[in-house]
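Read left to right, the sequence shown gives residues 303 to 747 (the working numbering). Each residue gets a CB set at the ideal place from its N, CA and C atoms; glycine is no exception.
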Amino acid sequence: MSQLQDIEFQLPLQIKLFQEELLRKQLAYLQSHSRYYQRMFTEHQIDVSTIRTLEDLQRIPFTEKKDLQLYNSDFLCVPKEKIVDYITTSGTLGAPVTFGCSDADLERLAFNEAKSFACAGLAPGSVVQLMTTLDKRFMAGLAYFLGIRKLGASIIRVGNGIPELQWDTIERMRPDTLMCVPSFILRLIEYAQEHGINYQDSSVKRIIGIGEGLRNQDFTLNLLGSRIHEKWPELELLATYSSTEMSATFSECPYGKGGHVHPELIIVEIIGEDNNPVPMGEAGEVVATTLGVEAMPLLRFRTGDIASMHAEQCVCGRWSYRLSPLVGRKNNMIKLKGTTLYPPAINDVLDNVPYIENYVVVVRLTEAGTDEVVVKIGLREPPEDEMLQEELIKSLKDSFRARIRVAPQIEICTEEEIRIINFPAKSRKPVKFIDERNMPDKSLA
């Protein structure tokens, strides 16, 4: 697709009019096929034919994760025999939410990821080493596979973990791109150094990060991104943001100025605490309306993710709006000793400490009703001497105070103890944050 044909390169007014036409079609589809939204429109006396503009969306109530759990089957807009792939995502009431994809939805996913990879600089002939699972009812791994295939690039399905296998694959098949959780790159570098692998001279030219941020809100590299860059300066660092519910991906272009939206696939709003839109560039909750989804489309879905929107033209030439790196998740906000912060800020400190092999952040309520944060760090050989342990903890607390003004409690553990927490049997992603504030009977032991 040429830039002249791609809506992302058109002027903002053209993009807005384009999205409004798709929105009207999507609303008519929901009115005809979705039991959930039919009920919503009736209860709130909404005539969808009067919703003509993006601003008119504010007249429609939000959809929340609890709605997906309580009325899951009512969101389905096609007969069950049209579902060709089932996916689950986590939810707020404990049970996973089921999503079904039709054949058309999988084609849409492939288009979404192909555009995202192209935005990131991939092209036919690129070779991508995929370090994420394609099983465990996980949408992302399948979407990546479909998108790389549609783009005409090559795929190496390695899965996550196992540095030895990753390096063997790199040396045998010479990928130019790794798609993985960014912090795992540090483990790959460490393995290469321990085994005499000249990683800087490998075929790898870029990583596309998933699940962890690489940049601050001003788009400079955060501590994790900076640490990777220091060790591997020639490696291009890109990040993506997506979710199962959105059925769309925001991918950075090589200029790293935020995740580009694909206007064909999603409408995004950023709302504040009053549920109204915030000014451009101000952080708020990401609200998504999917476009072109056949089986389970969503209208004004509250993602719980906090980010800001940027509408000025990107250096790459695209006018489609961009999302900043995530600040965090609304439900994960922590109030520690009077300071408001989100888990990524804590992770950013921990990811920049070389002696920490792995970690988990646990938050719970004290008897006084305030937040208490315990950071459990995994070390290969925890110091047995109590004075050395105290010095290590003091140094780490000083790092926290310098970066986020407050310091959590620190517990020293073995690498294996933390690994068991990070990778429970049913998990599809590493578990680095545990919120026990709604589980009063749980202990940190």
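Thinking C-beta only, is residue j closer than 7 Å to residue i?
{"i": "Glu-547", "j": "Phe-603", "result": "yes"}
{"i": "Glu-787", "j": "Thr-668", "result": "Outside the displayed range of the chain (303 to 747) lies residue 787, so it cannot be described from this structure."}
{"i": "Leu-628", "j": "Gly-560", "result": "no"}
{"i": "Pro-684", "j": "Ile-317", "result": "no"}
{"i": "Met-598", "j": "Leu-378", "result": "yes"}
{"i": "His-562", "j": "Arg-620", "result": "yes"}
{"i": "Lys-678", "j": "Val-655", "result": "no"}
{"i": "Val-399", "j": "Gln-371", "result": "yes"}
{"i": "Ala-412", "j": "Leu-356", "result": "no"}
{"i": "Asn-462", "j": "Thr-434", "result": "yes"}
{"i": "Leu-453", "j": "Leu-444", "result": "no"}
{"i": "Thr-592", "j": "Ser-549", "result": "yes"}
{"i": "Leu-526", "j": "Pro-484", "result": "yes"}
{"i": "Lys-367", "j": "Gly-513", "result": "no"}
{"i": "Thr-344", "j": "Leu-601", "result": "no"}
{"i": "Glu-718", "j": "Arg-682", "result": "no"}
{"i": "Tyr-373", "j": "Tyr-331", "result": "no"}
Which residue marks the beginning of the alpha helix (DSSP H) containing residue i, and which one marks its end?
{"i": "Thr-434", "result": "Thr-434 -> no alpha helix (DSSP H), and no H or E assigned at all."}
{"i": "Gly-449", "result": "441-453"}
{"i": "Ile-720", "result": "717-724"}
{"i": "Cys-482", "result": "Note, Cys-482: premise wrong, no alpha helix (DSSP H); beta strand (DSSP E) at 479-482."}
{"i": "Cys-421", "result": "405-421"}
{"i": "Phe-486", "result": "485-496"}
{"i": "Ser-553", "result": "Here Ser-553 belongs to no alpha helix (DSSP H); instead the beta strand (DSSP E) covers 550-554."}
{"i": "Asp-470", "result": "465-475"}
{"i": "Tyr-388", "result": "Not the alpha helix (DSSP H): Tyr-388 falls in the beta strand (DSSP E), residues 385-391."}
{"i": "Ala-758", "result": "What is shown of the chain runs 303 to 747, which leaves residue 758 out entirely."}
{"i": "Leu-319", "result": "314-335"}
{"i": "Leu-526", "result": "525-533"}
{"i": "Ala-704", "result": "688-706"}
So the beta strand (DSSP E) residue i belongs to, where does it begin and stop?
{"i": "Asn-660", "result": "660-667"}
{"i": "Lys-637", "result": "636-638"}
{"i": "Ile-510", "result": "508-511"}
{"i": "Phe-364", "result": "First-last for Phe-364: undefined, no H or E at that position."}
{"i": "Leu-643", "result": "641-643"}
{"i": "Phe-377", "result": "That residue, Phe-377, is in no beta strand (DSSP E); it is neither H nor E in DSSP."}
{"i": "Asp-607", "result": "603-609"}
{"i": "Ala-541", "result": "538-545"}
{"i": "Lys-678", "result": "673-681"}
{"i": "Arg-261", "result": "Residue numbering for the chain in the displayed model covers 303 to 747; residue 261 lies beyond these limits and cannot be assessed."}
{"i": "Ile-572", "result": "568-573"}
{"i": "Ile-736", "result": "735-737"}
{"i": "Thr-592", "result": "586-592"}
Report the option in the options whose CA atom is closest to the CA atom of residue i.
{"i": "Ile-464", "options": "Thr-479, Leu-488, Met-689 and Val-588", "result": "Leu-488"}
{"i": "Ile-736", "options": "Glu-718, Pro-646, Arg-703 and Asp-653", "result": "Pro-646"}
{"i": "Gly-423", "options": "Val-386, Thr-365, Gln-316 and Pro-556", "result": "Pro-556"}
{"i": "Met-475", "options": "Cys-482, Arg-459, Ser-485 and Phe-486", "result": "Arg-459"}
{"i": "Ile-457", "options": "Asn-634, Ile-573, Pro-477 and Pro-684", "result": "Pro-477"}
{"i": "Met-481", "options": "Phe-419, Ile-499 and Ala-494", "result": "Phe-419"}
{"i": "Val-651", "options": "Ala-425, His-562 and Arg-529", "result": "Arg-529"}
{"i": "Asn-633", "options": "Arg-739, Phe-702, Arg-410 and His-497", "result": "Arg-739"}
{"i": "Lys-384", "options": "Cys-403, Leu-593 and Glu-492", "result": "Cys-403"}
{"i": "Leu-359", "options": "His-335, Gln-519, Leu-516 and Gln-328", "result": "Gln-328"}
{"i": "Ile-720", "options": "Val-733, Leu-411 and Leu-540", "result": "Val-733"}
{"i": "Ser-505", "options": "Arg-337, Phe-413 and Gln-468", "result": "Gln-468"}
{"i": "Glu-713", "options": "Arg-703, Asn-724 and Leu-698", "result": "Leu-698"}
{"i": "Leu-643", "options": "Leu-690, Gln-615 and Arg-707", "result": "Arg-707"}
{"i": "His-612", "options": "Met-582, Lys-639, Lys-438 and Gly-630", "result": "Met-582"}
{"i": "Cys-421", "options": "Ile-450, Arg-410 and Ala-442", "result": "Ile-450"}
{"i": "Phe-311", "options": "Ile-348, Lys-417 and Tyr-338", "result": "Lys-417"}
{"i": "Ala-455", "options": "Thr-522, Gln-307, Val-429 and Met-635", "result": "Val-429"}
{"i": "Asn-724", "options": "Leu-690, Gln-691 and Val-664", "result": "Val-664"}
{"i": "Gln-495", "options": "Trp-534, Asn-518 and Gln-519", "result": "Trp-534"}
For residue i and residue j, which I take to be in contact (beta-carbon distance under 8 Å), what is that distance rounded to the nearest angstrom?
{"i": "Thr-754", "j": "Arg-508", "result": "Absent from the structure is residue 754, since the part of the chain shown begins at 303 and ends at 747."}
{"i": "Ile-510", "j": "Thr-542", "result": "6 Å"}
{"i": "Gly-586", "j": "Ile-568", "result": "With 8 Å as the limit, Gly-586 and Ile-568 do not qualify as a contact, their Cβ atoms being about 16 Å apart."}
{"i": "Gly-680", "j": "Cys-715", "result": "5 Å"}
{"i": "Val-595", "j": "Asp-407", "result": "6 Å"}
{"i": "Val-589", "j": "Val-617", "result": "Incorrect: roughly 27 Å between the Cβ atoms, too far for contact."}
{"i": "Leu-516", "j": "Leu-539", "result": "5 Å"}
{"i": "Val-676", "j": "Pro-710", "result": "6 Å"}
{"i": "Gln-502", "j": "Glu-536", "result": "6 Å"}
{"i": "Phe-521", "j": "Gly-498", "result": "So it is not a contact: roughly 36 Å between Cβ atoms."}
{"i": "Glu-322", "j": "Arg-361", "result": "That belief does not hold up - the Cβ atoms of Glu-322 and Arg-361 are roughly 14 Å apart, past 8 Å."}
{"i": "His-269", "j": "Pro-363", "result": "Because the chain spans 303 through 747 in this model, residue 269 falls outside it and cannot be assessed."}
Legend entry - the segment 607-614 contacting the segment 383-391, beta-carbon criterion three pairs below 8 Å: no
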